[in-house]
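What follows is a single structure, written as structure tokens, with notes after it.
In my numbering, the protein residues as written are -11 to 237.
Okay, here's the thing in structure tokens:
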């Protein structure tokens, strides 16, 4: 079977990805030896593929996405009067694929960073319990705890009294998270201590509390009024979510 020149561009992506069968792969190779235009398109696809795979974590577009892209190419090729050049259409398709791959890589990096921070939060929480050093300033009065941080940090955390909601304030301390000095406020729910870590995050919009479960601990992470919040406890997830929702209002 011989592959027609018009079929080659729609098969080049599969060829570069190593997805063609032996017969079609050999036909493409023979065609590329004699067709400069198709060879140029193949080189563009390979160059972009190398950039994406070298600068981002490994991520392959799902099979159904690759099939849909190729189907779109075939539809464009069959519709008369479009006047679309194959090199341009191929470049557009490759660009879309690159954007999807980079978006997936960024998402993976963000998730990995969040997991690493969650582990630090848990580590700080556990150390504070083992060292029996939950607070540097012990008080249930928010007007005592908040001024204690003056001059010790370069931001002003919001300290709220949630005793009427069943989460009395126990005090606060300085701690370190992600290489930065942060505020750690301590609340209680029955006999369960809750560590609330607060750090500034300028120019970032508010986000709703997001649940994370790691190593048997419940965590919630959110941003509010340009502050980053991490709440961690061995408290059940429902009660800790209620705590986070109160602070995120």
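Backbone N, C-alpha and C define an ideal beta-carbon position, used for all residues, glycine too.
Buried or exposed for residue i, please, with buried defined as at least 16 other CB atoms from any protein chain shown within 10 angstroms of its CB.
| i | result |
| --- | --- |
| residue 25 | exposed |
| residue 163 | buried |
| residue 216 | buried |
| residue 214 | exposed |
| residue 221 | buried |
| residue 131 | exposed |
| residue 104 | exposed |
| residue -7 | exposed |
| residue 121 | exposed |
| residue 106 | buried |
Tell me whether the beta-carbon of residue i lies closer than 8 Å to the beta-carbon of residue j.
| i | j | result |
| --- | --- | --- |
| residue 124 | residue 167 | no |
| residue 202 | residue 110 | yes |
| residue 207 | residue 148 | no |
| residue 165 | residue 143 | no |
| residue 116 | residue 158 | no |
| residue 33 | residue -4 | no |
| residue 15 | residue -9 | yes |
| residue 182 | residue 118 | no |
| residue 2 | residue 10 | no |
According to DSSP, residue i sits in a beta bridge with which residue or residues?
| i | result |
| --- | --- |
| residue 304 | Residue 304 falls outside the range modelled here, since the chain spans only -11 to 237, and no answer is possible. |
| residue 174 | 159 and 183 |
| residue 136 | Note: residue 136 sits in no beta bridge, so no partner. |
| residue 200 | 207 |
| residue 150 | 155 |
| residue 221 | 206 |
Whole-angstrom Cβ separation of residue i and residue j, contact assumed at under 8 Å?
| i | j | result |
| --- | --- | --- |
| residue 241 | residue 187 | Coverage of the chain is limited to positions -11 through 237, which leaves residue 241 absent and any answer about it impossible. |
| residue -1 | residue 12 | 7 Å |
| residue 247 | residue 190 | Nothing about residue 247 can be read from this structure; the chain reaches only from -11 to 237. |
Three or more C-beta pairs below 8 Å linking the segment 143 to 157 and the segment 175 to 191: With a cut-off of 8 Å, the segment 175 to 191 and the segment 143 to 157 count as touching, because enough Cβ pairs lie within range.
Given 8 Å, three or more beta-carbon pairs between the segment 133 to 143 and the segment 190 to 201: Between the segment 133 to 143 and the segment 190 to 201 there are fewer than three C-beta pairs closer than 8 Å, too few to call the two in contact.
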